[in-house]
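Asks: Take a look at this one; I'll ask things after.
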C-alpha cells in the first residue's frame, strides 16, 4: 500500500536548507539593488522643458530647473501645476524602475516574496 503525505524520499530537510539559502541569496540581492537604486537619479521634464525635476532613489527631490519663460507672476497656478506634474512623473519613473528591478530578483513573486505564510 502506498504511503500518503510526507515528502518523496524524506527530502524535506534538504529542500528546507535549499529554500533558506535561496531566501538569503534573494535578500542579499534585494539589499544590493536597493542600495543601487538609492544612489540613482531620475529626471522628468514637462511643459516642453519649461520645468525639469530630478529625484533620487531615496525619494528626495535633488534638482528643480525652471525656464525663465514659465515664471509669470500673473500665472502662478500654471507654474505650480507644472512643478507638481514634473515631480510626480519623476517619482513614477523611479517607482517603475524600482519595482521592475525587485521583480527581476523575486521572479515576480511580489513584495517580500509573496509567500502565503
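Residue numbers (full-length UniProt numbering): 1 to 117. Don't be surprised by glycine CBs; every beta carbon is placed ideally from N, CA and C.
1) Do residue 70 and residue 61 count as a contact pair if the criterion is CB distance below 8 Å?
2) Bridge partners for residue 148 per DSSP, in chain order?
3) Do residue 37 and residue 100 have their beta-carbon atoms positioned less than 8 Å apart in this structure?
4) With three or more beta-carbon pairs closer than 8 Å as the criterion, would you say the segment 38-53 touches the segment 68-84?
5) For residue 96, which residues in the same chain have their Cβ closer than 7 Å to its Cβ, ignoring the five residues on either side in sequence?
6) Counting only C-beta atoms, is residue 69 closer than 8 Å to chain B at any point?
7) Here's a check: name, in chain order, each residue in its chain whose Cβ is nearer than 6 Å to the Cβ of residue 107, leaving out the five neighbours to either side.
8) Can you find the residues in the same chain that come closer than 6 Å, C-beta to C-beta, to residue 83, ignoring five residues on each side of it along the sequence?
9) Using the rule of at least 16 other Cβ atoms within 10 Å of the residue's Cβ for burial, across every protein chain shown, is residue 90 buried or exposed?
10) If you follow the alpha helix (DSSP H) that residue 87 is part of, which residue opens it and which one closes it?
11) What would DSSP say about residue 71, mapped onto helix, strand or coil?
Replies: In this structure, then:
1) Here residue 61 refers to the residue found at position 61 of the chain shown. Here residue 70 refers to the residue found at position 70 of the chain shown. Cβ distance not < 8 Å, so residue 61 and residue 70 don't count as in contact.
2) Residue 148 cannot be examined here, being either before or after the span of the chain that is shown, 1 to 117.
3) One-based indexing of the chain shown puts residue 100 at position 100. One-based indexing of the chain shown puts residue 37 at position 37. Taking 8 Å as the Cβ cut-off, residue 100 and residue 37 do not qualify as a contacting pair.
4) yes
5) To locate residue 96, count along the chain shown from 1; it is residue 96. None.
6) The question asks about chain B, but that chain is absent: this structure has only one protein chain.
7) Counted from its first residue, the chain shown places residue 107 at position 107. For residue 107, where only same-chain residues beyond five positions count, there are no Cβ hits under 6 Å.
8) As a working note, residue 83 is residue 83 in the chain shown. Contacts found: 51.
9) The residue labelled residue 90 in the question sits at position 90 within the chain shown. Per the 10 Å Cβ criterion, buried.
10) For the purposes of this step, residue 87 is identified with residue 87 of the chain shown, where counting begins at 1. Taken as a continuous stretch (DSSP letters only), the alpha helix (DSSP H) holding residue 87 covers 76-106.
11) Counting from one through the chain shown, the residue named residue 71 turns up at place 71. DSSP places residue 71 in coil when its eight states are reduced to three.
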